[in-house]
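Okay, structure first, notes after.
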Amino acid sequence: MNEIQKLLEEIAQSLDHVISISLVGMDGLVIAEYTSEEVESTDYSSAQMTTVMTRLVDVFDQVKMGKMVDNLLSTEAGHFLTRFIGDGTVFLSIVCTRGTNLGAMRYASKIYDKKISELLPH
Numbered sequence: 163m164n165e166i167q168k169l170l171e172e173i174a175q176s177l178d179h180v181i182s183i184s185l186v187g188m189d190g191l192v193i194a195e196y197t198s199e200e201v202e203s204t205d206y207s208s209a210q211m212t213t214v215m216t217r218l219v220d221v222f223d224q225v226k227m228g229k230m231v232d233n234l235l236s237t238e239a240g241h242f243l244t245r246f247i248g249d250g251t252v253f254l255s256i257v258c259t260r261g262t263n264l265g266a267m268r269y270a271s272k273i274y275d276k277k278i279s280e281l282l283p284h
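Using our numbering, you'd call the opening residue of the sequence shown number 163 and step up by one each time.
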């Protein structure tokens, strides 16, 4: 098991109600993932979230509000938290059901940003 996969599993163990955690390239391809038993793969959602992240970067560039730190998208069933990792060529996506602690999700993404970044090729 590679080191990035181990970190994704650590994140999952630190949070409640995790559905999936993915590290995704800006090409929409999943680099590493953790999924609960109810999810087979994050390929489709990761590809779609890549489009969302790309568009959000464009919006923030246009409104000159600074660099995006993270993005929280909530639905009736759960939350998607995304954060660019390192130089922004990949992002971390954490998906949890409703009832999870959003502060803990955000904190985990912040703490693991540097740990994951150090393992990526430069």
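Here a beta-carbon is modelled for each residue, glycine too, at the ideal position from N, C-alpha and C.
Predicted model, so just to flag it, every value in this text is computed and none were measured.
- Here residue 182 is buried. Its C-beta has 16 or more other C-beta atoms within 10 Å.
- In the structure shown, the three-state DSSP call for residue 281 is helix.
- If you look at residue 234, you'll find it in the beta strand (DSSP E) that goes 232-236.
- Bounds of the alpha helix (DSSP H) holding residue 174 are 165-176.
- Counting along the chain, residue 207 sits inside the alpha helix (DSSP H) bounded by residues 205-225.
- Distance from residue 234 to residue 264 at the Cβ level is roughly 7 Å; contact confirmed, criterion being Cβ atoms closer than 8 Å.
- Under the DSSP definition of a beta bridge, residue 244 partners with 233 and 255.
- Shown here, residue 194 sits in a strand according to DSSP, grouped into three states.
- For residue 187, the enclosing beta strand (DSSP E) stretches over residues 180-187.
- In its chain, beyond the 5 residues on either side, 188 have a beta carbon closer than 8 Å to the beta carbon of residue 216.
- A Cβ-Cβ distance of about 19 Å is found for the pair residue 262 and residue 253, leaving them out of contact under the 8 Å criterion.
- Taken through DSSP and simplified to helix, strand or coil, residue 249 comes out as coil.
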